[in-house]
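*Asks:*
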């Protein structure tokens with residue numbers, strides 16, 4: 007089992023059929039003596055997951071912003087409203103912001119163990135995502151594969167990329183739109199959404215994500 011590197015995310019597992027919504031405008035208070043630490047020192051995330059909205063400008067001299075002596079106002083940033091809905095068994099996960107829609111399908115519902123060959127029921131699962139892509143008229147689609155932390159990182163990288171490629175192949179067949187641009191990647195065990203210390207968590211982490219901008223941001 008490989009050790010998790012410091013840059014990898016550890017996400018909280020959501021209960022079944024739970025929706026989370028939160029809008030946050032973050033003002034970071036940065037101590038002048040904080041060894042250069044910044045409010046933006048967050049772990050990296052897969053491309054396309056960042057907020058596309060420009061943070062508002064904040065006047066640090068505004069008398070309404072009361073800060074302790076010796077502190078300065080860090081750059082403001084916007085965290086998108088996020089709604090997450092997960093099926094009871096965790097096989098499917100839908101994550102939506104005001105600018106992006108992401109679907110995650112567990113590898114077990116798409117592939118056999120340690121395989122990139124799609125199962126008979128995979129087309130139906132992917133077809134539901136295709137319907138959403140058509141609904142939003144998305145023209146830029148990301149297909150990312152992920153594994154758990156068992157086995158070597160290199161094997162996970164190859165397998166996750168092949169699985170993303172298999173889903174990409176079905177998308178191109180069902181959409182048949184020459185105007186769509188795809189980004190297909192394999193991330194191995196990076197960016198887990200659950201704890202790899204348990205089989206339940208590893209099952210959630212073995213997944214393929216399909217995401218695309220919404221609201222005319224394609």
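In this note's numbering, the protein residues as written are 7 to 224. For every residue, glycine included, the Cβ atom is placed at its ideal position computed from N, Cα and C.
Near residue 187, which residues of its chain fall below 8 Å by C-beta distance, leaving aside the five closest residues on each side in sequence?
*Replies:* Cβ within range, chain order: 145, 146 and 147.
*Asks:* For my contact list, residue 176 and residue 124 are in at a C-beta cut-off of 8 Å; report their separation, rounded to the angstrom.
*Replies:* Going by Cβ atoms, the distance from residue 176 to residue 124 rounds to 7 Å, so yes, they are a contact pair.
*Asks:* Please report the distance separating the alpha-carbon of residue 200 from that of residue 210.
*Replies:* Rounded to whole angstroms, residue 200 to residue 210 spans 6 Å at the Cα level.
*Asks:* With burial defined as no fewer than 16 other Cβ atoms inside 10 Å of the residue's Cβ, what is the status of residue 161: buried or exposed?
*Replies:* Exposed.
*Asks:* As a quick exercise: from 113, 90 and 181, pick the residue whose alpha carbon is nearest that of residue 97.
*Replies:* Cα-wise, what sits closest to residue 97 is 113.
*Asks:* State the CB to CB distance for the pair residue 214 and residue 135, rounded to an integer number of angstroms; the pair is presumed to be in contact (CB under 8 Å).
*Replies:* At roughly 10 Å, the Cβ-Cβ gap does not stay under 8 Å, so residue 214 and residue 135 are not in contact.
*Asks:* By a C-beta neighbour count over all protein chains shown, 10 Å radius and 16 as the cutoff for buried, is residue 74 buried or exposed?
*Replies:* That one is exposed.
*Asks:* Would you tell me roughly how many angstroms separate the C-alpha atoms of residue 89 and residue 159, rounded to the nearest one?
*Replies:* C-alpha separation (whole angstroms): 31 Å.
*Asks:* For residue 145, does the three-state DSSP call read helix, strand or coil?
*Replies:* DSSP places residue 145 in coil when its eight states are reduced to three.
*Asks:* Does the beta-carbon of residue 149, which I'm using as the reference point, lie nearer than 6 Å to any heavy atom of the ligand SAH?
*Replies:* Of ligands this structure carries none, so the ligand SAH is not represented either.
*Asks:* Could you pull out every residue in the same chain whose Cβ sits closer than 7 Å to the Cβ of residue 52, ignoring the five residues on either side in sequence?
*Replies:* Excluding sequence neighbours, residue 52 sits near 150, 193 and 197.
*Asks:* With a threshold of 6 Å on Cβ separation, who are the neighbours of residue 46 within its own chain once the five nearest residues in sequence on each side are excluded?
*Replies:* Bear in mind that a pLDDT of 30 at residue 46, under 50, signals an unreliable position, so the number given afterwards is only what the model happens to contain. Here the set comprises nothing.
*Asks:* By a C-beta neighbour count over all protein chains shown, 10 Å radius and 16 as the cutoff for buried, is residue 111 buried or exposed?
*Replies:* Buried.
*Asks:* Expressed to the nearest angstrom, what Euclidean distance is found between the alpha-carbon atoms of residue 220 and residue 167?
*Replies:* Their Cα atoms are separated by approximately 25 Å.
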